[in-house]
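Residue numbers (this note's numbering): 43 to 314. C-beta: ideal position from N, C-alpha, C; glycine also.
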Amino acid sequence: MPSGDRRDAVRAMVRAGQRELVAELERLDGGARFSRSDGARLLENGAVFERACVVAADRGETLGLTVVLHPRNPYVPAFHARFRYCEYAGSWWFGGAVDLMPCYGFAEDAAHFHRTLKNYCDTLDPAFHAQAKRTCDDLFRLPHHDEPRGIGGIAFDHLRPPGPDGWRRAAAFTAAGIATLVPAYLPIVRRRKDRPHGDRERQWQLHRRGRYVEFALVHDATAADAEAVLMALPPLARWETGCTPEPGSAEAELAAFLVPRDWAAETAVAAS
């Protein structure tokens with residue numbers, strides 16, 4: 043397939059994925075609508091999402107889709123995903139990353155998220171998920187805090203399957219990844235979005251959002267577009283020195299919950 047045709051196919055894939063995600067998120071939120079601005083769709087002050095960003099980027103050699111969701115309820119985890127395609131000097135490859143950032147740990151949610159991603163990865167290669175999960179666990183860490191920013195997910199780069207149908211396989215896998223975002227994340231949102239909470243939970247959420255901001259601004263070297271990075275930041279966050287949760291509290295338990303583990307293998311998880 044000629045280079046121009048490949049780029050056109052990816053561009054159509056990204057735009058279709060953006061339209062479908064925007065429609066699903068608006069339907070779930072119930073009232074708020076996404077604004078339009080040159081490939082970037084932004085929802086703010088919704089009933090479910092304080093900020094939701096779905097960006098279709100077309101810059102030089104790279105095409106991609108980035109999704110960042112900051113929910114209103116502290117019991118709903120924040121969410122990040124990005125898929126990209128790069129073609130330069132006759133070479134091409136696909137990449138992607140999907141991860142979940144809870145403020146409170148629910149084993150049921152973590153197992154669902156990771157199992158859904160594993161089922162997706164298995165369509166390419168049964169060995170792919172373990173590698174993509176390790177890459178994600180290594181990538182989305184805050185080294186200066188020595189902690190993960192969330193419970194991980196998957197991450198891969200320079201995906202270029204061999205053989206004459208390699209491009210088709212990689213493109214189909216990427217399209218399937220975009221389609222997997224809704225079943226991986228939205229059931230968790232529906233399960234937690236109406237859970238009662240107060241100022242304590244809100245302040246903890248703002249603290250955890252601060253960790254996301256630190257990673258985005260200090261460690262995320264893959265983000266080349268400053269405007270897109272800033273658009274995807276949470277509308278409110280907080281920082282404080284020496285924030286130590288009360289021992290035995292749900293907030294204190296998060297540290298152990300974030301330690302990487304094989305959530306996809308935990309097939310029997312009690313409802314939380």
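query = Does the beta-carbon distance from Ile220 to Phe125 come in below 8 Å?
reply = In the sequence shown, the residue the question calls residue 220 occupies position 178. In the sequence shown, the residue the question calls residue 125 occupies position 83. In contact: Ile220 and Phe125 (Cβ atoms closer than 8 Å).
request  = Starting from the C-beta of Leu184, find all residues in its chain whose C-beta is less than 8 Å away, skip the five residues before and the five after it, and write them out in chain order.
outcome  = If you number the sequence shown from 1, residue 184 lands on position 142. So the qualifying residues of the chain are Pro190, Arg191, Arg253, Glu256, Phe257, His261.
query = Is it the case that the Cβ atoms of Phe155 and Gly102 are separated by a distance below 8 Å?
reply = As a first step, residue 155 must be located in the sequence shown, where it is residue number 113. As a first step, residue 102 must be located in the sequence shown, where it is residue number 60. The beta carbons of Phe155 and Gly102 sit no closer together than 8 Å.
request  = Starting from the Cα of Asp80, find the closest Cα among Val97, Pro302, Val140 and give me that residue.
outcome  = In the sequence shown, the residue the question calls residue 80 occupies position 38. Answer by Cα proximity: Val97.
key: Residue span of the alpha helix (DSSP H) that contains Tyr162, given as start and end   = Within the sequence shown, the letter at position 120 stands for residue 162. Taken as a continuous stretch (DSSP letters only), the alpha helix (DSSP H) holding Tyr162 covers 149-164.
task = Please state if the CB of Asp141 and the CB of Phe182 are separated by a distance shorter than 8 Å.
result = For the purposes of this step, residue 182 is taken as the residue at position 140 of the sequence shown. For the purposes of this step, residue 141 is taken as the residue at position 99 of the sequence shown. Between Phe182 and Asp141, the C-beta spacing is below 8 Å.
inquiry  = Using a Cβ-Cβ cutoff of less than 8 Å, which residues in the same chain neighbour Gly72 once the five nearest sequence positions on both sides are dropped?
reply    = By 1-based counting over the sequence shown, the position of residue 72 is 30. Excluding the 5 residues flanking it on each side, Gly72 has same chain C-beta neighbours closer than 8 Å at Gly88, Ala89, Val90, in chain order.
ask   = In whole angstroms, what separates the C-alpha of Ala312 from that of Arg234?
value = The sequence position of residue 312 within the sequence shown is 270, counting from 1. The sequence position of residue 234 within the sequence shown is 192, counting from 1. Because the pLDDT at Ala312 is just 48, under 50, the model does not fix this residue reliably, and the point stays unresolved.
key: Local Cβ density within 10 Å of Pro318, reported as buried at 16 or more and exposed below that   = Because the chain in this structure spans residues 43 to 314, residue 318 falls outside the shown range and cannot be described.
message = Can you check whether the C-beta of Ala217 is within less than 8 Å of a C-beta belonging to chain B?
response = No chain B is part of this structure, which consists of one protein chain only.
ask   = So what's Gly100 in DSSP terms, helix, strand or just coil?
value = The count along the sequence shown starts at 1 and reaches residue 100 at position 58. Reading off the sequence, residue 100 comes out as Asp, not Gly. Three-state DSSP puts Asp100 in a strand.
message = I'd like to confirm the pairing. Which residues does DSSP put opposite Arg183 in its beta bridges?
response = Counting from 1 along the sequence shown, the entry for residue 183 is found at position 141. When DSSP reads this structure, Arg183 sits in a beta bridge with Pro190.
inquiry  = So Ala218 and Thr165 are supposed to be a Cβ contact under 8 Å. How far apart are they, rounded?
reply    = Taking the first residue of the sequence shown as 1, we reach residue 218 at position 176. Taking the first residue of the sequence shown as 1, we reach residue 165 at position 123. Sure, about 6 Å apart at Cβ, within 8 Å.
Beta-carbon proximity check, Phe148 vs Thr216, cutoff 8 Å = What you label residue 148 is simply residue 106 of the sequence shown in a count that begins at 1. What you label residue 216 is simply residue 174 of the sequence shown in a count that begins at 1. At the C-beta level, Phe148 and Thr216 stay beyond 8 Å of one another.
query = Counting along the chain, where does the beta strand (DSSP E) carrying His200 start and finish?
reply = As a working mapping, residue 200 is identified with position 158 in the sequence shown. Note, His200: beta strand (DSSP E), 195-201.
task = Spatial neighbours of Ala306 within its chain, please: CB distance less than 6 Å, with the 5 preceding and 5 following residues excluded, ordered by chain position.
result = Counted from its first residue, the sequence shown places residue 306 at position 264. If we look at Ala306 and ignore the five residues flanking it on each side, its Cβ neighbours are His156, Arg157, Lys160.
key: Asp141, enclosing alpha helix (DSSP H) - first and last residue   = Counting from 1 along the sequence shown, the entry for residue 141 is found at position 99. DSSP places Asp141 outside any alpha helix (DSSP H); the residue lies instead in the beta strand (DSSP E), whose first and last residues are 133-143.
Collapsed DSSP secondary structure at Ala313 in the structure displayed = One-based indexing of the sequence shown puts residue 313 at position 271. Any answer about Ala313 is weak, because its pLDDT of 48 lies below 50 and its placement is not dependable; what the coordinates show is given next. Coil.
Buried versus exposed call for Trp209 [16 or more other C-beta atoms within 10 Å across all chains shown] = As a position in the sequence shown, residue 209 is number 167, starting the count at 1. Counting Cβ neighbours within 10 Å, Trp209 comes out buried, since at least 16 surround it.
query = Would you say Arg11 and Leu300 are within 8 Å of each other, going by their C-beta atoms?
reply = With the chain covering 43 to 314 only, the question about residue 11 has no answer from this structure.
query = Can you name the start and end residues of the alpha helix (DSSP H) that Phe215 belongs to?
reply = For the purposes of this step, residue 215 is taken as the residue at position 173 of the sequence shown. First-last of the alpha helix (DSSP H) with Phe215: 208-234.
key: Coil, strand or helix - Cys285 by DSSP   = The count along the sequence shown starts at 1 and reaches residue 285 at position 243. Looking at Cys285 - three-state DSSP - the assignment turns out to be coil, as it is neither helix nor strand.
ask   = When you compare each of Leu111, Arg78, Arg211, Ala131 to Gly46 by their alpha carbons, which one comes out closest?
value = Translated into positions along the sequence shown, residue 46 becomes position 4. Ranked by Cα distance from Gly46, the options Leu111, Arg78, Arg211, Ala131 are led by Ala131.
inquiry  = Here's the rule I'm using: 16 or more other beta-carbon atoms within 10 Å means buried, otherwise exposed. How should Asp151 be labelled?
reply    = Within the sequence shown, numbered from 1, the residue matching residue 151 stands at position 109. Asp151 is buried by the Cβ-count criterion.
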